[in-house]
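Enquirer: Sharing a structure, written as structure tokens. Questions coming.
2 protein chains.
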Amino acid sequence: MTQQQALESNFLKRVIVVEGDPSLRMNIVNYLTSEGYTVTEAGSAYEFYQHVFLEPNTVAIIDTDLSDQNGQVVAEYARKNTAMRVITLSSPLSTNTLPTNIKAGGDLNFVKPVNCRILASCVANLFSRLASA
Amino acid sequence: MTQQQALESNFLKRVIVVEGDPSLRMNIVNYLTSEGYTVTEAGSAYEFYQHVFLEPNTVAIIDTDLSDQNGQVVAEYARKNTAMRVITLSSPLSTNTLPTNIKAGGDLNFVKPVNCRILASCVANLFSRLASA
Numbered sequence: 847m848t849q850q851q852a853l854e855s856n857f858l859k860r861v862i863v864v865e866g867d868p869s870l871r872m873n874i875v876n877y878l879t880s881e882g883y884t885v886t887e888a889g890s891a892y893e894f895y896q897h898v899f900l901e902p903n904t905v906a907i908i909d910t911d912l913s914d915q916n917g918q919v920v921a922e923y924a925r926k927n928t929a930m931r932v933i934t935l936s937s938p939l940s941t942n943t944l945p946t947n948i949k950a951g952g953d954l955n956f957v958k959p960v961n962c963r964i965l966a967s968c969v970a971n972l973f974s975r976l977a978s979a
Numbered sequence: 847m848t849q850q851q852a853l854e855s856n857f858l859k860r861v862i863v864v865e866g867d868p869s870l871r872m873n874i875v876n877y878l879t880s881e882g883y884t885v886t887e888a889g890s891a892y893e894f895y896q897h898v899f900l901e902p903n904t905v906a907i908i909d910t911d912l913s914d915q916n917g918q919v920v921a922e923y924a925r926k927n928t929a930m931r932v933i934t935l936s937s938p939l940s941t942n943t944l945p946t947n948i949k950a951g952g953d954l955n956f957v958k959p960v961n962c963r964i965l966a967s968c969v970a971n972l973f974s975r976l977a978s979a
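As structure tokens, then:
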């Protein structure tokens, strides 16, 4: 095992996807799973809070337009109370979401529609940066 | 059973107390229990989210100074996603908390220190108003 591989192995390839749209959530989950990640699904803030401390996820992908609570609040919770890196997904209809999402603690923000391949690349980059930090 | 008693029985005497200070939480829980309420305890927003849909609580008493998430956010969640009546407890050091707590959807706000007897009277009033609505 190289030193790089040893470092990367310290960060479990676990991601939690908090997305209210079942179709988009399934696409992201399937893509990340095919890339070798273990993925936890949550369709609401409530489901996020049920899972947040159950599994040692390294990255959280969070829709900012959840039905039960503003996803920015969920992102803030993740940043304040966990070591997870956070990627937010926002609607193009939400004006000026990027500064707010960044303020909420997101490491990265994607505007929908989400290209799963690019999203997975960014997730890989986050893991890579964690390993080299 | 009188008509009033029949109406009141529709509202379970169940209260959830979300308070970060263990001592204050115990005092409130003990007082409400002695008044015949079934009380669920939560010491953080996280614990609130674990319980919120498990028991059919009628009233939520929520500290606005929780360690893991602003209690006003928790109060907003309760108002948006449940039928619970909400009483917020705020610190006297928090300036202008009352308008913000009311905006967050609190039915009532108490500034600490909390007098458990008065708090219990207000809880009883909420139940009474629910029964007569």
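Respectively, the protein sequence lines represent chains A and B. Numbering-wise (this note's numbering), the first sequence opens with residue 847 and increments by one. Numbering-wise (this note's numbering), the second sequence opens with residue 847 and increments by one. Using N, Cα and C, we set each Cβ at its ideal position, and we do this for glycine too.
So B:ASN927 contacts chain A; which residues on that side make the cut at Cβ distance below 7 Å?
Expert: The answer, in chain order, is ASP914.
Enquirer: As an exercise, report each continuous alpha helix (DSSP H) stretch of at least 4 residues that is fully enclosed by the stretch 866-950 of chain B, in chain order.
Expert: Taking only runs of at least 4 residues, the alpha helix (DSSP H) segments lying wholly in the stretch 866-950 of chain B are 868-880, 891-897, 917-927 and 943-949.
Enquirer: Spell out whether any CB of chain B is found under 8 Å from the CB atom of A:VAL919.
Expert: Yes, contact with chain B.
Enquirer: Output needed for B:TYR883: all residues of its chain with C-beta closer than 6 Å, excluding positions within five of it in sequence on either side, in chain order.
Expert: LYS859 and VAL861.
Enquirer: In chain order, what residues of the same chain have a beta carbon less than 7 Å from the beta carbon of A:LEU954, not counting five sequence neighbours either side?
Expert: These residues qualify, in order along the chain: ILE933 and CYS968.
Enquirer: Counting only the same chain and skipping the five closest in sequence on each side, list residues whose C-beta sits under 7 Å from that of B:ARG975.
Expert: Taken in chain order, the list of residues that qualify is empty.
Enquirer: Who are B:ASN955's beta bridge partners in DSSP?
Expert: Beta-bridge pairing links B:ASN955 to B:THR934.
Enquirer: Under a three-way DSSP split, which group does A:VAL861 fall into?
Expert: It is a strand residue.
Enquirer: What are the residues in the stretch 876-900 of chain B lying within 8 Å of chain A by C-beta distance?
Expert: Flagged, chain order: ALA891, TYR892, TYR895, GLN896, VAL898 and PHE899.
Enquirer: With burial defined as no fewer than 16 other Cβ atoms inside 10 Å of the residue's Cβ, what is the status of B:SER936: buried or exposed?
Expert: Label assigned to B:SER936: buried.
Enquirer: Is A:VAL960 helix, strand or coil by DSSP?
Expert: Three-state DSSP puts A:VAL960 in coil, outside helix and strand.
Enquirer: Could you check whether the Cβ of A:MET930 sits closer than 8 Å to any Cβ belonging to chain B?
Expert: Cβ-Cβ to chain B under 8 Å: no for A:MET930.
Enquirer: Would you mind stating whether A:ALA830 and A:GLN918 have Cβ atoms separated by less than 8 Å?
Expert: The question about residue 830 of chain A has no answer here: the residues shown for chain A are numbered 847 through 979.
Enquirer: Just to check my reading of the structure: A:GLU887 and A:VAL875 have Cβ atoms closer than 8 Å, yes? What is that Cβ distance to the nearest angstrom?
Expert: Correct: roughly 6 Å between the Cβ atoms.
Enquirer: Counting C-beta neighbours from all protein chains within 10 Å, is the total for B:ASN971 16 or more, i.e. buried, or is it exposed?
Expert: The residue is exposed, with fewer than 16 neighbouring Cβ atoms inside 10 Å.
Enquirer: Kindly indicate which three-state DSSP category A:ALA979 falls into: helix, strand or coil?
Expert: Looking at A:ALA979 - three-state DSSP - the assignment turns out to be coil, as it is neither helix nor strand.
Enquirer: If you compare alpha carbons, which of A:ASN927, A:HIS897, A:PRO959 and A:ASN873 is closest to A:PRO938?
Expert: It is A:PRO959 whose Cα lies nearest to the Cα of A:PRO938.
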